[in-house]
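Have a look at the structure below, then the notes.
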Amino acid sequence: MEYNNIISEKEGYFQIITINRPKQLNALNKETIAELSDAFSKADNDKNVRVVIVTGSGEKAFVAGADIKEFYKFSVEEGKRLSAEGHQKLFDLVENLSKPVIAAINGFALGGGLELAMSCHIRVASENAKLGLPEVSLGVIPGYGGTQRLAQLVGKGKAFEMITTAQMISAQEAYQYHLVNYVTSPEELLNKAKDIATKISRNSPTAIASAIRSINAGYKAGVNGFEVEIEEFGKCFGTPDFIEGTTAFVEKRKPEFKGE
Ligand code: CAA
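The opening position of the sequence shown corresponds to residue 1 in our numbering, with each subsequent residue numbered one higher.
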C-alpha cells in the first residue's frame, strides 16, 4: 500500500510511524486510518520489529482528532460505521498488537488523537502537549474507545470531568493523572521513546507478546485475566526464548532472544 498521510520507517528493531498531515494537525481521516492500519499490521507481522513508536509530524500536533470536515454531514448509520470501523481497523489493532507500541505525543492529542495514544501501551509526552477529549463540545462523544480507555487509565471521576468539560489538560497534569508515563522537552521526546524501546527490545519478544495478551485480558468483559495469565505463563515454557533466557541466566551471560 502506498502511503500519502503517514511515514513508516524501520530503525534497527524499531518501526517509527509518523502521522504526516501537519497542515490539518494530523487529523485522522479515513485514508489515514487505513494507512495506519496497514503499517501497524505490517509491523506486527515483521519478526525484525520489536517495538513500534507512533508520533505526529510538525511541532504542533500529535493528532488533533478524527477529521471533523470528513464526518460533519454523516447520518446516524454512517456515524456508527465510522466508530465501529475505527475500533476494528486501528484502535483495537494497536491495543492488541503483539509488540509494545509507544506514543510519542509531540503536541495536541485531542479526540481521536488522544484515543490513539490511549490505545498504545506506553505514552511519553513533550511538555508542550495538550491532551483532551473535546467531542461533547461538537455535539458528539468520543467514538474511538475514549469513554472506556480514559476511565481505565485515569479512573472514572477524572474521566467524567475530562469528557464532560471537554477541556484540555497540560502534559504535567496528564502525568499526575497517570495518563502519560513521562514528560520530556520537545527535543528529547523521541529519544525518551527510543530509550524505553531499547530496554524492551533486549527482552524476549514471545514473552512480551504473552504479557500484552495477559494484561489486556484483564480489561476484556467476560474474560478472566488470571486464567489467561496461567495459560500464557505455561506456554512460555515451550518457547526457545524461554530456554535461551533461563540458560543464559544459569551460564551467567546475556541472552540473545530470537523471538521464537
Ligand atoms: N478535523 C479536521 N481538521 C482539523 C482538525 C480536526 N479534528 N483539527 C484541526 N484541523 C484543521 C483546521 O481545520 C485547520 O485547517 P484549515 O487551515 O484548512 O482551516 C488546521 O487544521 C489548523 O487548525 P486551526 O487553525 O484550528 O489551529 P489552531 O492552532 O487555531 O487550533 C486546535 C488548534 C485547538 C487543535 C483546533 O484546531 C481544534 O480545536 N481542532 C479540533 C479538535 C477536536 O475537536 N478534536 C476532536 C475531533 S472529533 C473526534 O475525534 C471524534 C472521535 O472520537 C471519533
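The beta carbon of each residue, even a glycine, is placed where N, CA and C say it ideally should be.
Within 8 Å, strictly: CB atoms of residue 238 and residue 204: The Cβ atoms of residue 238 and residue 204 do not sit closer than 8 Å to each other.
Using DSSP's beta-bridge definition, name the partner residues of residue 15. Here residue 15 is bridged, per DSSP, to 10, 52.
First and last residue of the uninterrupted beta strand (DSSP E) at residue 183: Boundaries of the beta strand (DSSP E) harbouring residue 183: 182-184, taken from the DSSP string.
Would you check if there are 3 or more beta carbon pairs closer than 8 Å linking the region 53-70 to the region 14-31? The region 53-70, when compared against the region 14-31, does touch it at the 8 Å Cβ threshold.
Assigned secondary structure, residue 125 (DSSP; H/G/I helix, E/B strand, else coil): Residue state, collapsed to three classes: strand.
Out of 253, 258, 231, 252, which one is the CA nearest neighbour of residue 241? Among 253, 258, 231, 252, the Cα nearest to that of residue 241 belongs to 258.
For residue 65, does the three-state DSSP call read helix, strand or coil? Here residue 65 sits in coil by DSSP.
Reduced DSSP secondary structure (H/G/I, E/B, other) of residue 40: For residue 40, the three-state secondary structure derived from DSSP is helix.
Going by C-alpha to C-alpha distance, which of 185, 124, 210, 115 sits closest to residue 141? Taking only the C-alpha atoms, the option nearest residue 141 is 115.
With DSSP run on the structure shown, which of helix, strand or coil describes residue 199? Under the three-state reduction of DSSP output, residue 199 falls in the helix class.
Measuring alpha carbon to alpha carbon, tell me which of 188, 51, 65 ends up nearest residue 22. Ranking 188, 51, 65 by Cα distance to residue 22 puts 65 first.
Would you kindly work out how many angstroms separate the C-alpha atoms of residue 42 and residue 6, rounded to a whole number? The straight-line gap from Cα to Cα measures roughly 14 Å.
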